[in-house]
Every structure is written in C-alpha cells, then in structure tokens.
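**Q** Numbering (the working numbering), first residue to last: 1 to 288. Input: one structure, supplied below.
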C-alpha cells in the first residue's frame with residue numbers, strides 16, 4: 001500500500017498518532033526523497049485555507065503583495081498530509097475533489113491551470129459518514145478519500161503497546177536532555193498501563209517528558225495527572241442544579257406554572273419554555 005499512490009484516509013481519536021502513521025507511509029513510499037507536506041485544516045482561518053492549499057497570485061486579495069506557492073504545488077512528486085479534513089468548507093471540498101480527480105488546480109486570483117503529481121493522505125477524528133448524512137461533507141469526496149481507510153485504535157484499546165512506547169519516549173528524551181535513565185519502576189509502569197489515556201499517545205508522550213524533566217536518578221518515576229471531572233459529569237451536575245432549582249420554585253408556587261407569581265414568571269421564562277424544559281429534564285408532579 002505504501003508504495004502505491006492510492007489515497008489514504010486515517011481515522012482515529014485525537015492524539016492516536018495519525019500524523020506519525022502518515023509519515024511512516026510516506027517514508028516507505030517511492031516519494032520519500034522529498035519531504036511530506038503537512039496542512040492542518042482546522043488550524044487555519046477559513047479565509048486562508050484556499051491560499052494555503054493552492055497558493056495565490058499577487059493582488060488576488062487585500063494583503064497579497066506577492067505570489068504565493070501553495071502546498072499542493074510544494075508537494076509535487078511527494079505526499080500531502082491533510083489533517084482534520086472534516087473541517088474543510090464545502091466550497092473547498094469541491095476544489096479538493098477536482099485536484100484528486102484531475103491533478104489540476106489554479107492559484108487564487110490566477111487563470112493558469114497547474115498540474116501536479118501529489119499523493120494525498122487525509123486524517124480526521126470526526127465521523128465523515130455522519131457529516132455526509134448531515135450535508136456537511138461531500139459524498140463524492142468522501143468516497144474519493146476513502147479508497148484505503150486505516151483506523152488507528154485509541155491507546156486504551158492497545159495497552160500491550162504502552163511499555164514499548166514508554167521505552168521509546170524515554171530513549172528519545174534521554175538523547176534530547178542528555179540524561180541516563182536506565183529503568184522504570186514497576187509501580188509506575190503498572191499505573192501507566194491501568195490509566196485510561198483520554199489524550200492517547202500524545203498524552204503519554206507529554207507525561208513521559210514531564211517526568212524526565214524532574215528525574216535526576218536512574219529510576220524513572222512517573223506521576224499521572226490528577227483525575228479531572230469528565231465533561232459528561234460536569235454537564236450532569238449542571239442539569240441536576242437546574243432541576244433542583246426548578247423543583248424548589250415549583251414547590252414554592254404549589255406547582256403553579258402560569259399566571260402572576262407563577263413558576264414561569266419567577267424563573268423569567270415563558271410558560272411553554274418552562275414546560276418544555278421540565279419535560280426534557282424529567283420533572284413531573286407526582287400526586288399522592
């Protein structure tokens with residue numbers, strides 16, 4: 001697969017190593033003599049993505065004081081890695097589809113057709129098929145990208161890889177920091193393997209780097225971050241607070257919702273809004 005110019009779609013959660021996998025595919029291909037070109041589609045303002053991908057001519061827009069070579073042109077005879085592909089606008093998706101189909105594009109503000117030989121690897125942590133169904137992603141582009149999909153599993157589903165990854169990162173940071181870390185305590189290794197890793201390999205690497213900074217001896221002691229309340233738990237807590245407040249007001253008004261000094265008026269809501277909210281969060285009066 002690596003040595004064939006097939007488009008590759010890398011799928012996986014944030015921090016699972018999608019860029020590293022793309023780099024590996026590139027390094028194993030016949031295009032490895034030239035560097036892989038990277039574009040993070042989510043990191044650029046929407047009005048700059050087109051110029052970043054396809055370049056622009058002088059005077060194409062305010063601030064375009066000179067001609068700019070785009071990433072597709074720079075990636076000629078190489079690999080272009082489009083990270084967070086699900087963030088592209090529908091307009092740019094159409095232009096990307098044309099490049100994938102015909103290997104041709106125009107710079108922004110130009111009328112000259114440029115032909116390029118680029119192998120595209122795209123990646124996303126979003127469900128592209130769901131975006132297709134909601135009209136946010138072109139179906140034809142989805143099938144064009146989805147020629148050879150690779151799903152990168154989260155770290156919590158491949159805990160057997162954790163010891164090897166730790167040894168790799170320790171070795172890497174020993175070289176960078178000029179340290180000699182011979183062993184990792186069994187207790188630390190056990191804690192690392194039992195951790196759920198919401199940030200995946202990226203989080204593991206950061207934790208190892210922090211531990212290396214403070215380690216002075218030969219035994220690597222690694223401390224995991226303090227557990228944080230999950231987003232779902234916080235949302236649930238807010239719903240519970242809201243629910244309890246509404247119940248308090250309803251009990252004060254003897255469950256009268258409408259009219260002067262009714263629950264809706266006290267809460268500053270329309271009666272219909274309050275009733276809908278009560279139904280949504282499961283508030284109903286139980287008569288005895």
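We treat Cβ as the ideally placed atom computed from N, Cα and C, and that holds for glycine.
What residue ranges within the region 111–188 form continuous alpha helix (DSSP H) runs of no fewer than 4 residues, ordered along the chain?
**A** Listed in chain order, the complete alpha helix (DSSP H) runs (minimum 4 residues) inside the region 111–188 are 128–133, 139–145 and 162–177.
**Q** Would you mind listing the beta strand (DSSP E) stretches within the region 27–98 that are 3+ residues and don't spill past its ends, in chain order?
**A** 37–40 and 78–83, all fully within the region 27–98.
**Q** Pull up the DSSP beta-bridge partners for residue 209, would you.
**A** What you label residue 209 is simply residue 209 of the chain shown in a count that begins at 1. Answer is none; residue 209 lacks a bridge partner.
**Q** Suppose the cutoff is 8 Å on Cβ atoms and the five residues either side in sequence are ignored; what does the same chain contact list for residue 93 look like?
**A** For this step, residue 93 is matched to residue 93 along the chain shown. Here the set comprises 137, 138 and 141.
**Q** Would you be able to state if there are at least three C-beta pairs under 8 Å between the region 11–29 and the region 146–164?
**A** With a cut-off of 8 Å, the region 11–29 and the region 146–164 count as touching, because enough Cβ pairs lie within range.
**Q** Starting from the C-beta of residue 112, find all residues in its chain whose C-beta is less than 8 Å away, skip the five residues before and the five after it, and write them out in chain order.
**A** Counted from its first residue, the chain shown places residue 112 at position 112. Around residue 112: 106.
**Q** Nearest by alpha-carbon distance to residue 78: which of 103, 68, 58 and 87 is it?
**A** Translated into the one-based positions of the chain shown, residue 78 becomes position 78. Comparing Cα positions, the closest option is 103.
**Q** Count the C-beta pairs between the region 126–135 and the region 164–178 that are closer than 8 Å, then say yes if the count reaches three, no if not.
**A** Output reads no: the region 164–178 does not touch the region 126–135.
**Q** Could you please give the first and the last residue of the uninterrupted alpha helix (DSSP H) stretch that includes residue 106?
**A** Translated into the one-based positions of the chain shown, residue 106 becomes position 106. Here residue 106 belongs to no alpha helix (DSSP H); instead the beta strand (DSSP E) covers 104–106.
**Q** State the Cα-Cα distance for the pair residue 290 and residue 98, rounded to the nearest angstrom.
**A** The question about residue 290 has no answer, for the chain in this structure spans 1 to 288.
**Q** Mind checking residue 55: buried by the 16 CB within 10 Å criterion, or exposed?
**A** As a first step, residue 55 is located in the chain shown; it is residue number 55 there, counting from the start. Looking at its Cβ environment, which holds 16 or more other Cβ atoms inside 10 Å, residue 55 is buried.
**Q** Please classify residue 83 as buried or exposed, where buried requires at least 16 neighbouring CB atoms within 10 angstroms.
**A** For the purposes of this step, residue 83 is taken as the residue at position 83 of the chain shown. Per the 10 Å Cβ criterion, buried.
**Q** Along the beta strand (DSSP E) that carries residue 11, what are the first and last residues, could you check?
**A** The residue you call residue 11 lines up with position 11 of the chain shown. Per DSSP, residue 11 belongs to the beta strand (DSSP E) from 8–11.
**Q** Quick one: grab the DSSP three-state call for residue 244.
**A** Residue numbering aside, residue 244 sits at position 244 when the chain shown is read from its first letter. Residue state, collapsed to three classes: helix.
**Q** Determine, using beta carbons only, whether residue 253 and residue 262 come nearer to each other than 8 Å.
**A** One-based indexing of the chain shown puts residue 253 at position 253. One-based indexing of the chain shown puts residue 262 at position 262. Cβ distance < 8 Å, so residue 253 and residue 262 count as in contact.
**Q** Under 8 Å: do the region 29–47 and the region 184–204 share three or more Cβ pairs, one atom per stretch?
**A** Because the criterion of three Cβ pairs below 8 Å is not met, the region 29–47 and the region 184–204 do not touch.
**Q** With C-beta atoms as the reference, is residue 71 less than 8 Å away from residue 49?
**A** Indexing the chain shown from 1 puts residue 71 at position 71. Indexing the chain shown from 1 puts residue 49 at position 49. Cβ atoms of residue 71 and residue 49: not closer than 8 Å.
**Q** Where does residue 229 sit, in a helix, a strand or coil, going by DSSP?
**A** Position 229 of the chain shown, counting from 1, holds the residue named residue 229. Reliability fails at residue 229, whose pLDDT of 46 lies under 50, so the model's placement of it is uncertain and the value that follows must be treated cautiously. Reduced to three states, the DSSP call for residue 229 is coil.
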